[in-house]
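S.K.:
Numbering (my numbering), first residue to last: -19 to 230.
Now the structure itself:
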């Protein structure tokens, strides 16, 4: 289960946190095969969760011994600072989980997911402390969602009322991701992860909810336009040189 609910779940009983009500939240539940447990445990070594209660039966611990390091919160010495792993759900759906250590020091969405998926992303996250602007400087564009609306209900709210953390590709790859990191400065130095999959129907529901997207900064647009212009100019100059150099030789 990947979620962003404050203080959830409680150790001794089910309780919906009072401060979770005013804002949107996201929860992704996936049932995995036992054979995937060790891979999940190794990803959790990167994300370094705060474990306050656990239940590890001996037979499961034999399958996934790394969970012992997870629950004991042993110091993380593994390298590199990010890792991606392919997982298969109990129903046969393929997922990719991306994990980052706090030492990664970069944006989970722009510097990891967009690069690995080779796709532009629309991202909905909590942005209150040092928000990261929409960005196209790394080969792929990551744009912040500003407003979402549920088409069937007409319910609409801005990102300032949404504590969820998810992303969708804005192309025909139809990728949906749900994670636990925000696009804000403090989260560049915070361990976390995100689970992505090609789920066309789910992707469409999320994609269709996007009403407004943050425009790119002017300097970002200028930089991208300049790169395109220089590329075209280089091709033009090269073509003229070739024509002048070899004209009349045939």
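Note that CB positions come from ideal geometry on N, CA and C, so glycine has one too.
1. From which residue to which residue does the beta strand (DSSP E) around residue 20 run?
2. Among residues of its own chain, excluding the 5 on either side of residue -9, which ones have a beta-carbon nearer than 6 Å to its beta-carbon?
3. Helix, strand or coil for residue 100, going by three-state DSSP, please let me know.
4. For residue 7, which of -6, 143, 88 has the nearest alpha-carbon?
5. Among 170, 161, 160, 147, whose alpha-carbon lies nearest the alpha-carbon of residue 247?
6. Can you check which of these residues, 28, 126, 130, is closest to residue 138 by C-alpha distance?
7. Under the rule that 16 or more other beta-carbon atoms within 10 Å means buried, what is residue -19, buried or exposed?
8. Kindly give me the distance between the Cβ atoms of residue 111 and residue 163, rounded to whole angstroms, as I take these residues to be in contact under 8 Å.
9. Pull up the DSSP beta-bridge partners for residue 175, would you.
10. Whole angstroms is fine: what's the gap from residue 201's alpha carbon to residue 77's?
11. For residue 140, does the three-state DSSP call read helix, strand or coil?
12. Taking only the alpha-carbon atoms, compute the straight-line gap between residue 165 and residue 153 and give it to the nearest angstrom.
13. Do the CB positions of residue 81 and residue 61 come within less than 8 Å of each other?
14. Using a threshold of 8 Å, state whether the C-beta atoms of residue 18 and residue 46 are closer than that.
15. What is the residue span of the alpha helix (DSSP H) that residue 183 lies within?
16. Which residues in the same chain as residue -17 place their Cβ atom closer than 8 Å to its Cβ, once the five residues preceding and following it in sequence are excluded?
17. Using three-state DSSP, classify residue -17 as helix, strand or coil.
18. In the DSSP assignment, find the unbroken beta strand (DSSP E) run with residue 148 in it and report its ends.
19. Consult DSSP for residue 169 and reduce its assignment to one of helix, strand or coil.
20. First and last residue of the beta strand (DSSP E) that includes residue 68?
21. Of the residues 129, 73, 119, 101, which one's Cα is nearest the Cα of residue 188?
22. Between which two residues does the alpha helix (DSSP H) harbouring residue 123 extend?
23. Thinking residue 94 and residue 122 are a contact (beta carbons under 8 Å), I'd like their distance in whole angstroms, please.
M.R.: In short:
1. Taking the first residue of the chain shown as 1, we reach residue 20 at position 40. That residue, residue 20, is in no beta strand (DSSP E); its alpha helix (DSSP H) goes 17 to 27.
2. If you number the chain shown from 1, residue -9 lands on position 11. Hits under 6 Å: 33.
3. In the chain shown, the residue the question calls residue 100 occupies position 120. Residue state, collapsed to three classes: coil.
4. Mapped onto the chain shown, residue 7 falls at position 27. Comparing Cα-Cα distances from residue 7 to each of -6, 143, 88, the minimum goes to 143.
5. Nothing can be reported for residue 247: it is not among the residues displayed for the chain, which extend from -19 to 230.
6. In the chain shown, residue 138 corresponds to position 158, counting from 1. Closest by alpha carbon: 126.
7. Numbered from 1 along the chain shown, position 1 holds the residue referred to as residue -19. With fewer than 16 Cβ atoms within 10 Å of its Cβ, residue -19 is classed as exposed.
8. On the chain shown, position 131 is the one that residue 111 refers to. On the chain shown, position 183 is the one that residue 163 refers to. With a contact defined as Cβ atoms closer than 8 Å, residue 111 and residue 163 qualify at about 7 Å.
9. The sequence position of residue 175 within the chain shown is 195, counting from 1. Note: residue 175 sits in a beta bridge opposite 77, 158.
10. Position 221 of the chain shown, counted from the start, is the residue given in the question as residue 201. Position 97 of the chain shown, counted from the start, is the residue given in the question as residue 77. Reliability of the predicted coordinates at residue 201 is poor, the pLDDT of 48 falling under 50, and the value obtained from them is presented with this limitation in mind. Whole-angstrom Cα-Cα distance: 31 Å.
11. In the chain shown, the residue the question calls residue 140 occupies position 160. The answer is helix: DSSP assigns residue 140 an H, G or I state.
12. Taking the first residue of the chain shown as position 1, residue 165 is located at position 185. Taking the first residue of the chain shown as position 1, residue 153 is located at position 173. Their Cα atoms are separated by approximately 28 Å.
13. For the purposes of this step, residue 81 is identified with residue 101 of the chain shown, where counting begins at 1. For the purposes of this step, residue 61 is identified with residue 81 of the chain shown, where counting begins at 1. Yes, Cβ-Cβ distance for residue 81 and residue 61 is below 8 Å.
14. Within the chain shown, residue 18 is the residue found at index 38, counting from 1. Within the chain shown, residue 46 is the residue found at index 66, counting from 1. The answer is yes: Cβ separation under 8 Å.
15. Indexing the chain shown from 1 puts residue 183 at position 203. That run of the alpha helix (DSSP H) goes 180 to 188.
16. Within the chain shown, residue -17 is the residue found at index 3, counting from 1. These residues qualify, in order along the chain: 5, 6, 7, 8, 160.
17. Locating residue -17 in the chain shown gives position 3, where the first residue counts as 1. Here DSSP, grouped into helix, strand and coil, assigns residue -17 to strand.
18. Start at 1 with the first residue of the chain shown, and residue 148 comes out as number 168. 146 to 149 is the extent of the beta strand (DSSP E) around residue 148.
19. Mapped onto the chain shown, residue 169 falls at position 189. Three-state DSSP puts residue 169 in a helix.
20. Residue mapping note: residue 68 aligns to position 88 of the chain shown, counting from 1. 62 to 68 is the extent of the beta strand (DSSP E) around residue 68.
21. Here residue 188 refers to the residue found at position 208 when the chain shown is read from its first residue. Residue 129 holds the alpha-carbon nearest to the alpha-carbon of residue 188 among 129, 73, 119, 101.
22. The count along the chain shown starts at 1 and reaches residue 123 at position 143. For residue 123, there is no enclosing alpha helix (DSSP H); the enclosing beta strand (DSSP E) covers residues 122 to 129.
23. As a working note, residue 94 is residue 114 in the chain shown. As a working note, residue 122 is residue 142 in the chain shown. Indeed, because the Cβ distance is near 5 Å, the residues count as touching under 8 Å.
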